[in-house]
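Residue numbers (UniProt numbering): 1 to 389. In this text, a Cβ means the ideal position worked out from N, Cα and C, and glycines have one as well. Read the structure below first, then the notes.
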């Protein structure tokens, strides 16, 4: 994640979620380009906003920003695409929503805000990677959409069911991602984590996992050649999914799962192995990008990871880990050292490890496949050995 700064005298750091500058008090948001969090001036006469360097271009707050404060999106009034002759009222991120929680239940709103925060961060990484990212309005057949729905009562941390509401399963179906609102409740999510014996369960992780399923369809499934190559690394995804699911929850993961899989859930079916590996790739590059943009460097061996002179000329530092020219080996070698530091910092604060996973050679090979799939370089994978996967 980039670092951002206000252009006021104090040059205060702005976070990705910032909605105003704590120093000068101006409105802060992210516009439809979805690449910059920056301050906005207000036109007192119209009530609209503009950037100081472009006073002729007007913005308004996304409706979800203005009414519910669940996002920090700004809508560019000069570049929006009209839908059914109506003005656009939602920001880049919120346009992907098909269903939001029942807002007549006020306790849903702060949980919805958590959902939107995680979704925006997940989408930001995808856009930085130049992956296809269109709504169902833009691409009716292959666009992306979200449902955020509750099937249980928020007042008791989603224990008791809502009468008349169907059970809501978090999952992906042909570009449509559903996430149960309970995942935004810390108590409910922690209970599910313990009940399922998971080491790691986060709201952002859910988004990245389900988006992994979406991008399997976008990047792999429609190409027989790529799909055949993918099966060599992740297994035969034509295996019966329901049977695999039943077997997994009845028997659990194999005792030696950690040798070839990133998580126990990844052992369930090749589709889940792909989605889990995809999510971890996103975690890794986003965390490393954030560390680099805050100028955090370090090494357990004393050799700090730095770009050489050629890399400095070729790659923008603000997007080093998102860049196709950055090798997957450089990414994973850096991560293996940085994650030790990250975990040690957490332990110093009395917290659990931030990244309690081991990247075996087999897992690194799968992460490499994800890397090359994202950057459309899967032809390189034919030269890799698949015997270790």
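Around the C-beta of residue 107, fewer than 16 other C-beta atoms lie within 10 Å, and the residue is accordingly described as exposed. Judged by beta-carbon spacing, residue 233 lies beyond the 8 Å limit of residue 360, meaning their Cβ atoms are not closer than that value. Annotation for residue 268: 244, 245, 248 place their beta carbon closer than 7 Å to its own, counting only its chain and skipping 5 residues before and after. In the structure shown, the three-state DSSP call for residue 365 is helix.
Considering only 179, 150, 166, 194, the residue with the shortest C-alpha distance to residue 118 is 179. In its chain, beyond the 5 residues on either side, 265, 266 have a beta carbon closer than 8 Å to the beta carbon of residue 272.
In this structure, 203 is the residue among 6, 132, 203, 20 with its C-alpha nearest to the C-alpha of residue 114.
The beta-bridge partner set that DSSP reports for residue 54 consists of 51.
Look at the beta carbons and you see the segment 210-226 touching the segment 162-176: at least three pairs across the two are nearer than 8 Å. Boundaries of the alpha helix (DSSP H) harbouring residue 205: 203-216, taken from the DSSP string. Pairwise C-beta distances place the segment 54-64 out of contact with the segment 1-9, as fewer than three of them are shorter than 8 Å. Within the DSSP bridge table, the entry for residue 180 names 149 as partners. Put simply, the backbone Cα of residue 94 is about 11 Å away from that of residue 75.
Taking all protein chains in view, the Cβ of residue 164 is surrounded by fewer than 16 other Cβ atoms within 10 Å, so the residue is classified as exposed. In this structure, the beta-carbon distance from residue 33 to residue 72 does not fall below 8 Å. Here residue 29 is buried: its Cβ has 16 or more other Cβ atoms, across all protein chains shown, within 10 Å.
Between the segment 187-195 and the segment 124-134 there are fewer than three inter-stretch CB-CB distances shorter than 8 Å, so the stretches are not counted as touching.
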